[in-house]
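*Asks:*
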Amino acid sequence: MRDIRVVGDPVLRTPAEPVVDFDRDLRRLIDEMFDAMYAAQGVGLAGPQLGVSQQIFVYDCSNRKGHVINPVLTVDDDAEVLDEEGCLSVPDRDTRTPIYAKTPRAAGVTVQGLNRLGRPVQIKARGLLARCFQHETDHLNGLLYVDRLAKDAARKVLLQAP
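Going by our numbering, 90 is the number at position 36 of the sequence shown; the sequence numbering is gapless.
(1) So, at 6 Å on beta carbons, what are the nonlocal neighbours of His121 in its own chain, with the 5 sequence-adjacent residues on each side left out?
(2) Going by C-alpha to C-alpha distance, which of Lys178, Arg67, Glu71, Leu136 sits closest to Arg118?
(3) Check each candidate in Val175, Ile153, Arg202, Leu198 and name the one with the smallest Cα separation from Val135.
(4) Between which two residues does the beta strand (DSSP E) carrying Gly105 extend?
(5) Consult DSSP for Pro69 and reduce its assignment to one of helix, strand or coil.
(6) Given a cut-off of 9 Å, decide if Val126 and Gly167 are closer than it, judged by their beta-carbon atoms.
(7) Which residues mark the beginning and the end of the alpha helix (DSSP H) in which Ile84 is found?
(8) Do Leu183 and Ile58 come within 9 Å of each other at the CB atom, strictly closer than that value?
(9) In chain order, what residues of the same chain lie with their CB nearer than 7 Å to the CB of Thr128, ignoring the 5 residues before and after it?
(10) Check the C-beta distance from Pro174 over to Val60 and give it rounded, since I have them as a contact under 8 Å.
Have a look at this one:
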């Protein structure tokens, strides 16, 4: 199983490339991503977190499970929701568990993209699922949740990370 990359790894700060080949290797990658996400007890995982700079993420939260390739995120409800958020790529250096911080996100989003067969998918989300989609899409753009925090809050989180 591939290791989850942690803050400081350049792949996490590099915008991911679009997926162009919908083949057996892609299907294998999706399976590996789910395995790594479940092993780490996460609810979402993006390609760069496994060192793969491709626009793909998997999720299993709010009773919804799936994957989105080459996602385009649209904000449907820009009311700000401030809630606890953590990241498998920003673990506490001692406990190796995610560091949580109140992170602002939009209340509602729609994500459009493709599935493993190259067929279109569109999912509307609110609550935790909307937060998950925004978080994973940020990963594909070279962003971490700490980038959404106030400067002092981000500093506090990053001082606990490896």
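Beta carbons: idealized from backbone N, C-alpha and C, even for Gly. Predicted model only: the values in this text are computed from it and were never measured.
*Replies:* The relevant details are as follows:
(1) Numbered from 1 along the sequence shown, position 67 holds the residue referred to as residue 121. So the list reads Ile84, Val112, once near-sequence residues are dropped.
(2) The sequence position of residue 118 within the sequence shown is 64, counting from 1. Of the candidates Lys178, Arg67, Glu71, Leu136, the one whose C-alpha sits nearest the C-alpha of Arg118 is Lys178.
(3) Taking the first residue of the sequence shown as 1, we reach residue 135 at position 81. Taking only the C-alpha atoms, the option nearest Val135 is Arg202.
(4) Looking up residue 105 in the sequence shown gives position 51. Careful: Gly105 lies outside any beta strand (DSSP E) and carries neither H nor E.
(5) As a position in the sequence shown, residue 69 is number 15, starting the count at 1. The answer is coil: DSSP assigns Pro69 none of H, G, I, E or B.
(6) For the purposes of this step, residue 167 is taken as the residue at position 113 of the sequence shown. For the purposes of this step, residue 126 is taken as the residue at position 72 of the sequence shown. Going by C-beta atoms, Gly167 is nearer than 9 Å to Val126.
(7) The residue you call residue 84 lines up with position 30 of the sequence shown. First-last of the alpha helix (DSSP H) with Ile84: 78-93.
(8) In the sequence shown, the residue the question calls residue 58 occupies position 4. In the sequence shown, the residue the question calls residue 183 occupies position 129. No, these two residues do not count as a Cβ contact at 9 Å.
(9) Indexing the sequence shown from 1 puts residue 128 at position 74. Excluding positions up to five away in sequence, the list reads Val163, Thr164.
(10) Sequence index remark: in the sequence shown, residue 174 carries index 120 (1-based). Sequence index remark: in the sequence shown, residue 60 carries index 6 (1-based). The Cβ separation is near 33 Å, so there is no contact.
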